[in-house]
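For reference, the structure discussed in these notes is given below.
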Amino acid sequence: MKTKAIKIGLVLLVLGISMAACKKDEKTPVNTFKYNQKEAEIGTALGFTYGQGAVSDVQWFAMQFLEKTLTVNYVNNYPDSISGIGDALQLTFLTNKLTEIPAGEYVISSSGSDYTAFTIDGDFSGLIIGYDATSGEDPSLIEISGGKVTVTKNADEYEFTFNLTTNINTTITGYYKGKPVIYSSKIKKSVSSQNWFPKAAF
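If you count by our numbering, then the sequence shown holds residues 1312 to 1513, one letter each, in order.
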């Protein structure tokens, strides 16, 4: 009886070690977006709310996911300029909430389609390549033509999972988990001309 108990104990010990090893191998997803074999690590995520547009009960949120090589500079606790060189992903979410992006699946809306909640405005979304605040030149922009973004939310913490296609038949995939701050776009910044993504890009 004692031998049987020892054998059972050893089996449970081995199972416990195996399960612990499996859990250790399960890596926590990294905040990145990937395209054309490049994986850009996200350093900053922030958003701007533009309020209700032409369609009632539909709110616009422009979320920007910046590569860690880009630095956001703040004036009076408001994002004022960007320095550095890197890439950025902008996604403009259409929601039915005034102050948040509700959990759900958001599909890319085609150009000219009706604006509805739980979609992403493809005309004002894209992947900015090689933004350089000091160059004075507009960066390259890859348009997003299809796909979806899955959003989950727990209090003020968001998870975004990207599965997108572009107008040049490539894909953009990625993941972000964190607590991005969403600002009002109506707050005036320190100067009229500043280093930010050019409006002409979207």
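The C-beta atom is built at its ideal place from N, Cα and C for all residues, glycine as well.
Buried or exposed for residue i, please, with buried defined as at least 16 other CB atoms from any protein chain shown within 10 angstroms of its CB.
{"i": "Ala1466", "result": "exposed"}
{"i": "Gln1363", "result": "exposed"}
{"i": "Asp1368", "result": "exposed"}
{"i": "Pro1340", "result": "exposed"}
{"i": "Asp1449", "result": "exposed"}
{"i": "Leu1475", "result": "buried"}
{"i": "Gly1441", "result": "exposed"}
{"i": "Pro1491", "result": "buried"}
{"i": "Ile1479", "result": "exposed"}
{"i": "Asp1425", "result": "exposed"}
Rounded to a whole number of angstroms, what is the C-alpha to C-alpha distance between residue i and residue j?
{"i": "Phe1471", "j": "Gly1457", "result": "16 Å"}
{"i": "Val1386", "j": "Thr1477", "result": "34 Å"}
{"i": "Ser1420", "j": "Gly1437", "result": "13 Å"}
{"i": "Asp1398", "j": "Phe1376", "result": "9 Å"}
{"i": "Ala1351", "j": "Tyr1487", "result": "12 Å"}
{"i": "Phe1404", "j": "Ile1439", "result": "17 Å"}
Can you list, in chain order, the residues of its chain with a C-beta nearer than 8 Å to that of residue i? Leave out the 5 residues immediately preceding and following it.
{"i": "Glu1416", "result": "Phe1429, Lys1459, Val1460, Thr1461 and Val1462"}
{"i": "Gly1489", "result": "Asn1342, Ala1356, Glu1468 and Tyr1469"}
With distances taken from CA atoms, which of the options is nearest residue i?
{"i": "Ile1483", "options": "Leu1405, Tyr1469, Leu1409 and Gln1401", "result": "Gln1401"}
{"i": "Tyr1346", "options": "Pro1413, Glu1378, Phe1372 and Val1366", "result": "Glu1378"}
{"i": "Tyr1494", "options": "Gly1441, Asp1391 and Thr1406", "result": "Asp1391"}
{"i": "Glu1468", "options": "Gly1354, Glu1411 and Gln1370", "result": "Glu1411"}
{"i": "Ile1431", "options": "Leu1409, Leu1452 and Trp1371", "result": "Trp1371"}
{"i": "Ile1455", "options": "Thr1427, Leu1409 and Val1418", "result": "Val1418"}
Could you round the C-beta distance between residue i and residue j to whole angstroms and report it? I think they count as a contact, below 8 Å.
{"i": "Gly1395", "j": "Ala1444", "result": "7 Å"}
If you drop the 5 nearest sequence neighbours on each side, which residues of the same chain put their C-beta closer than 7 Å to that of residue i?
{"i": "Ser1496", "result": "Phe1359, Thr1360 and Tyr1361"}
{"i": "Ala1331", "result": "Confidence at Ala1331 is low in this model, with a pLDDT of 46, below 50, so the placement of that residue should be treated as unreliable; the coordinate-derived value is given next. Excluding residues within five positions, none has a Cβ falling inside 7 Å."}
{"i": "Gly1485", "result": "Thr1343, Phe1344, Lys1345 and Phe1473"}
Comparing the C-beta of residue i with each C-beta of chain B, is any distance below 9 Å?
{"i": "Tyr1417", "result": "Absent from the structure: chain B. Only one protein chain is present."}
Skipping 5 residues on each side, what residues in its chain have a beta carbon closer than 6 Å to that of residue i?
{"i": "Met1374", "result": "Gly1358 and Leu1402"}
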